[in-house]
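Residue numbering for the sequence shown follows this note's numbering, beginning at -4 and increasing consecutively.
Even for Gly, the Cβ is constructed at its ideal location relative to N, Cα and C.
Here the structure is a predicted model, which is why all the values come from computation and not from measurement.
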Amino acid sequence: MDQSCCEFSAHLERIHHISADQLKPLTTPPETDLKNTSRWEQNHNLNRLENRDEEELNDLLQDKLLGVQHSADIIQLGDAVEQKEDPQDIMITWYRKYCKKHKIRARQPVLKRIRYACNRLNFKLQELGLMKEEFLPLICLIQECGRVEEVDFSFNSVGAFGLKVIRPILLNNPFLVVLNLAGSQLGAEGAAAIGDILAENTPLECLNLSNNHITDSSTVRISNGLKKNTRLRKLDLSRNSIESQEPASLAKALYTNSTLKRLSLHWNKIHSNGAVEFAKMLKYNKGLHLLDLSWNGFALRGTEALCEGLTRNKSLEELDLKSNRIELRAVLPLTKGLQQNSTLKVLRLGLNPLTLSGVHQLLHVLEHTATSGLTVLDLEGIQLNEKLTLIAHRISNSRPFTLLNENCVSWETSGGKYAKQDPMTFLMNYLNKHGIRIVDFYRLIDLQQAGMLSRAEFIEGVLTILQSDVPVPDYGARPNPSPGW
């Protein structure tokens, strides 16, 4: 062992004592100068000596007596150690190269986003103010990376031109499954291009087209693409301008589509006619798990039709009907639909004028129905009383059930008389008694005709109406409360 260690040290000294001048490469070819020729031969011999010494050193390092495991990948002669280049640096280098190729300036915000929010699988490029030609180097970069799974171009000016640039990666990348184009100003031409892409049956599984000014005519092209598509699982068409004329094309496209699992039409202009079409779709569709129709205008007729569709549906698990002008009279068809549906687990009815009576009727049916599979009832923004919360507790004690609500008030009795009604019920009874529609009431208190009201303006408007010549019914005493209260 001592002898081997001595040999090891001796060889190291021989290597490190080689003069740097002796190893300096010649700039003059050896055949042009005899002196340089001899010097070149001398250095050549020294290099051979160094190579031989290095081989002997490797043998010593591999010797079992020294117990050293040598790896040619990590042991190098000299002080320089090769380091792997950072993946983000590589991507930035590629991006700069493609910017130069397409004669586009590489903007600093884009470079920062590539460094800190992108990798070879996911590109988060939202809200960068990208314009038409600026997509060219980015698409080249995405193609260079190869196995990209998610691309987010939301809230950039993609438009129809940008979509033409993006199209190749959608058709040629077998790994891209998520594409976010929300707020990308697609318009009619862009929506038509999306329909053609869907018809190509690309590997895309999740597509966000919200906030893109998509109208009825554009919906037809997207619907035609959905008829041929068997891979898309999630489609977001929320915050567009889809009205009641053409949801029929979208609904019919889903009659036989069993792959789309989640569809959002939140905040469009779909009224009762459109609701009827989606009700028909629910009778035939066997794949949809989540349907978000919140912030539309189904009202009574649309709700009745939709609940009729629920009685025949066996796949839907979550239905969102928030803010759809669903009133007390719509509770009866709702309860019938829930009684005959065992698969729906989540129902969202918040921000609708159901009143306490309507909520009580709904909870009463759920408590005494064994066939309903509902586990979550969302009543956001609807005021409840303690009696209703007790019913919800009784339901949750017998089976899994959660009531989502943050507005619970106590209305206690005093001297055999009920206290004043909750504000929502009081207001609805007042409007019904005097034949005032909600839209007319809104116009009366919107004095500035601004189309929106602050909390203070709403309070002031209500007080003005109540103090006018229109008689206000007396709800101060209720010796004979309604049945079930």
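ASP231 places its beta carbon less than 8 Å from that of SER205. Of the other Cβ atoms in all chains shown, fewer than 16 fall within 10 Å of the Cβ of VAL434; this residue is therefore exposed. Between the segment 210 to 226 and the segment 154 to 163, the count of Cβ pairs shorter than 8 Å is below three; the stretches do not touch.
A direct Cα-to-Cα measurement between LEU131 and ASN167 gives close to 16 Å. In this structure, DSSP gives ASP84 a helical state, which the three-state scheme calls helix.
Its chain contains GLU272 as the residues whose beta carbon lies nearer than 7 Å to that of ALA243, once the 5 sequence neighbours on both sides are disregarded; these appear in chain order. Remark: three or more beta-carbon pairs, one from each stretch, lie closer than 8 Å, so the segment 146 to 158 and the segment 123 to 130 are flagged as touching.
Within the segment 353 to 397, the complete beta strand (DSSP E) segments of 3 residues or longer fall at 371 to 373, listed in chain order. Listed in chain order, the beta strand (DSSP E) runs fully inside the segment 262 to 336 are 285 to 287, 313 to 315, counting runs of at least 3 residues. The DSSP-derived three-state label of LEU461 is helix.
Within the same chain, Cβ atoms closer than 7 Å to the Cβ of LYS222 are found at ALA248, the five residues on either side in sequence being excluded. Nearest neighbour of LEU106 by Cα position, chosen from LYS98, VAL341, HIS97, TRP89, turns out to be TRP89. Under the criterion of beta carbons closer than 8 Å, SER239 and ASN268 qualify as touching, at roughly 4 Å. In this structure, the alpha-carbon of GLY182 lies about 30 Å from that of GLN444.
Here ASN424 carries a helix assignment [DSSP, helix/strand/coil]. Between VAL143 and SER179, the C-beta spacing is not below 8 Å. Excluding residues up to 5 positions away in sequence, ARG343, GLY345, LEU399 lie with their Cβ nearer than 6 Å to the Cβ of ASP373 in the same chain. Beta-carbon to beta-carbon, GLU312 and HIS284 are separated by about 5 Å, close enough to satisfy the 8 Å threshold.
The three-state reading of DSSP puts LYS95 in helix, counting H, G and I together. Proximity to ASP147 across CYS94, ARG108, GLU139 peaks at ARG108, based on C-alpha coordinates. In the structure shown, ARG343 falls within a strand segment according to DSSP collapsed to helix, strand and coil. Per DSSP, the beta bridge partners of GLU145 are ASN117, VAL173. A straight line joining the alpha-carbon of HIS208 with that of GLY446 spans about 20 Å.
With contacts defined as CB atoms closer than 8 Å, PHE436 and LEU426 qualify as a contacting pair. The closest CA to that of PRO418, considering only THR350, ALA294, ALA325, LEU305, is found on THR350. A Cβ-Cβ separation of about 23 Å leaves ASN336 out of contact with GLY292 under the 8 Å criterion.
Here DSSP, grouped into helix, strand and coil, assigns ASN203 to strand. Here ILE237 is near LYS264, since their CB atoms are less than 8 Å apart. Judged by their CB atoms, VAL354 and ILE390 are not nearer to each other than the 8 Å cut-off. Shown here, ASP441 sits in coil according to DSSP, grouped into three states, outside any helix or strand. Using a Cβ distance threshold of 8 Å, LEU439 and ILE460 count as a contacting pair.
Judged by their CB atoms, LEU383 and LEU361 are not nearer to each other than the 8 Å cut-off.
Contact between GLY368 and LYS340 holds, since their C-beta atoms are separated by about 6 Å, short of 8 Å. Under DSSP, the beta-bridge partners assigned to LEU230 are LEU202, LEU258. Measuring C-alpha to C-alpha distances from ASN308 to each of ARG226, LEU286, THR420, LYS317 identifies LEU286 as the nearest.
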